[in-house]
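Numbering (the working numbering), first residue to last: 525 to 960.
In what follows, a structure is listed as C-alpha cells, so that the remarks can point back to it.
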Amino acid sequence: MLTREDNELICRTGPGTLMGELWRRFWVPALMAWELPEPDCAPVRVRLLSEDMIAYRDSSGRVGLLAANCPHRGASLFFGRNEEDGLRCVYHGWKFDLQGNCVDMPNEPAESNFKHKIKHTSYPCMERAGIIWTYMGPKHLEPEMPQLPWMALNDDSRYTLKFLVECNFLQAMEGDIDNSHVAFAHGKIDPDTSKPFLDRMNFAGVRIPGQPATPYYISDKTPRGIIKDTEYGLMMGWRRTLDEDTYLWHINHWFMPHSTVMGTLKGGTFLSNMRVPIDDEHSWQFRIKWNTFRPLSEAELHEYKHGGTMFPELIPGTFRCVENRDNDYLVDREKQRTSLVTGIKSQTQQDRAVNEPPPTGPIYDRSKEHLGTSDAVIIQMRRTFLRAARALANGQEPYAAHHGSIYDVRPIDLDLKMNVPFEEGARQFLYGHRAR
Ligand code: FES
Ligand SMILES: [Fe+2]
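Next up, the structure:
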C-alpha cells in the first residue's frame, strides 16, 4: 500500500508537481505522426501532463507544440491558420513559429517592436518510429531520445495503435508489469470443467519443444518473480519450473517513465505498451507489436487491425474504444460462462475494465489495498518512481534521461538450466548488438 500522501505524489503530473517534474525530464510520446500528415496541415489539440497544447506541422514539415491559448487575449490556436512556417491566431492575426516567437503582429503599428517581447510557450518535438515525441522540461536540460528496442525497426516490422484510457496512468501501467494477472484476466474457460485455465501459460507464441503450441499446460502455477533494479528502470524475470532441471523464464522490462516491453520466444512478435498522462484522470496508451527478425505477417496485421482481441476497435474518427466504460466494455456474460474469464473481447479492454470504473478509477486509493508476494514488482516500480521524483526535487537529475542507449534492451522468453542465472543466460539476446 501507499500512504495517501505518496499516492497523491506518484499519481499527479501537472505543472509544479514532483512527478510532473520527473515526467518533464524525458521525451514522451505525444501523438501519432499521421495525425499531422503533411506540411501546413490542420493543427491538432494535444493535452499532456495536464497542459493544453496545439501541435502543428509547419511549411517545412517540422513539428512543434504551442500552448493552446494565444498569449495576446487567449483565443484558441486550434482555430489558427497554418501558413508560411507559422501558426496565425485568427482573432487578431498574431503569428507564432515553432519556437514560440511572435513573427508577425498585424494589429500593432509597423514601427512597433512589441512582437519581439512576446515569447509563447512552446515544446520541441521529434519524430521517431511513426510517433511524435515531445520534451516539456527546461530547455537547457533537453534529454536524449530513448533508444527503445523497437524504434530502429523498419515500419513493416512494427504496428502501433494509440487510444484513450480513462484513468490515471499509474494503475494502467501497473497492469503492464503485473505478470500474475495475465493467466487470469486474459485467460479462457476450460470447456471440460467450465473453470478458468489457471494452469495455462498465456504468453503469445510460446512453445515448448515436443509440446503443442499455445495454449499448453505446465504444472507450475505460481511463477516466481525476480526483479532487478537497472539504469533504465526494472528488469523482471518470471520463472516457472518446466522439468527437474529447467526453468522457463519470461523476461520483461519497465522503462522509466513510460514503457513496458514483454518477452516472447526468439522469433516471436513482441509487445510493448507506452503510457503517458493526459491529465491525472486520463492517459494515452500506445500499444506496439514488433518483430526484431522479420516484417509482420499478413495474418498478424489482419488480426491487429480487424481482430479486436490484441488491439481494441476504435470508434471511427476518434481514439476512444468501442468497448468502453459507458457500455461496460460490452461484457458478454454468456461468454464469461463459456469461453473468456472476463467476457470482454479485447485484451486491452479486459485490463481497462479492472482499472477504470469507480471505485478503482480514475485514481485508485492505494492506502486501501492489500499487497501479496505476487505484487513485489508493483511495489518496486512505485519505489523507483518515488525515489526518482524525490531525488529530482533535491537536485539530482534522472540518469536515464541523458543516456538514451541504455533503453536498447530486449525482452525474451527462454528455457534455461536451473543453475544459470536468468540475466546471464539471456544476455546475448537481451543486449543484442551491444552485448555486454
Ligand atoms: S487573441 Fe490571438 S491575436 Fe489576439
Ligand atoms: Fe493485462
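Backbone N, C-alpha and C define an ideal beta-carbon position, used for all residues, glycine too.
From a predicted model like this one, the values you see are computed outputs, not experimental measurements.
Listed in chain order, the non-local C-beta contacts of residue 922 below 6 Å within the same chain comprise 549 and 912, local neighbours out to five positions each way being set aside. When secondary structure is reduced to three states using DSSP, residue 683 falls in the strand class. Distances between the C-beta of residue 624 and the heavy atoms of ligand 1 are all 7 Å or more.
Only buried fits residue 581, as 16 or more other CB atoms lie within 10 angstroms of its CB. Here the residues close to ligand 2, judged by CB distance below 5 Å to any of its heavy atoms, are 699 and 875 in chain order. Residue 867 and residue 583 have their alpha carbons spaced roughly 49 Å apart. Between residue 820 and residue 829, the C-beta gap is not smaller than 8 Å, which leaves the two residues out of contact. Here DSSP, grouped into helix, strand and coil, assigns residue 824 to helix. DSSP lists 771 as the bridge partner or partners of residue 765.
Secondary structure remark: continuous beta strand (DSSP E) runs of at least 3 residues inside the region 596 to 629, in chain order: 626 to 628. For residue 638, the closest C-alpha among the options 574, 596 and 676 is that of 596. The chain-ordered list of residues whose CB is nearer than 5 Å to some heavy atom of ligand 1 reads 594, 596, 597, 599, 613, 615, 616 and 618. Judged by pairs of C-beta atoms under 8 Å, the region 855 to 874 does not touch the region 889 to 907, as fewer than three such pairs exist. For residue 900, the enclosing alpha helix (DSSP H) stretches over residues 900 to 917.
By the Cβ neighbour-count rule, residue 682 is buried, with 16 or more other Cβ atoms within 10 Å of its own. Take the alpha-carbon of residue 749 and the one of residue 771: they are about 12 Å apart.
Residue 577: member of the beta strand (DSSP E) spanning 575 to 581, first to last residue. Cα atoms of residue 545 and residue 926: separation of roughly 15 Å, rounded to the nearest angstrom. Taking C-beta atoms as the reference points, residue 916 and residue 533 fail to come closer than 8 Å. Your pair residue 590 and residue 645 checks out as a contact, with CB atoms roughly 7 Å apart and the cut at 8 Å.
Counting the other Cβ atoms within 10 Å of the Cβ of residue 565 gives fewer than 16, which makes it exposed.
Distance from the CA atom of residue 658 to the CA atom of residue 765, rounded to whole angstroms, is 43 Å. Apart from the 5 residues on each side of it in sequence, residue 576 sits with its Cβ closer than 6 Å to the Cβ of 592 in its chain, given in chain order.
The alpha-carbon separation between residue 588 and residue 648 amounts to approximately 6 Å. Secondary structure at residue 663: helix, using DSSP grouped into helix, strand and coil. The continuous alpha helix (DSSP H) containing residue 531 extends over residues 528 to 535.
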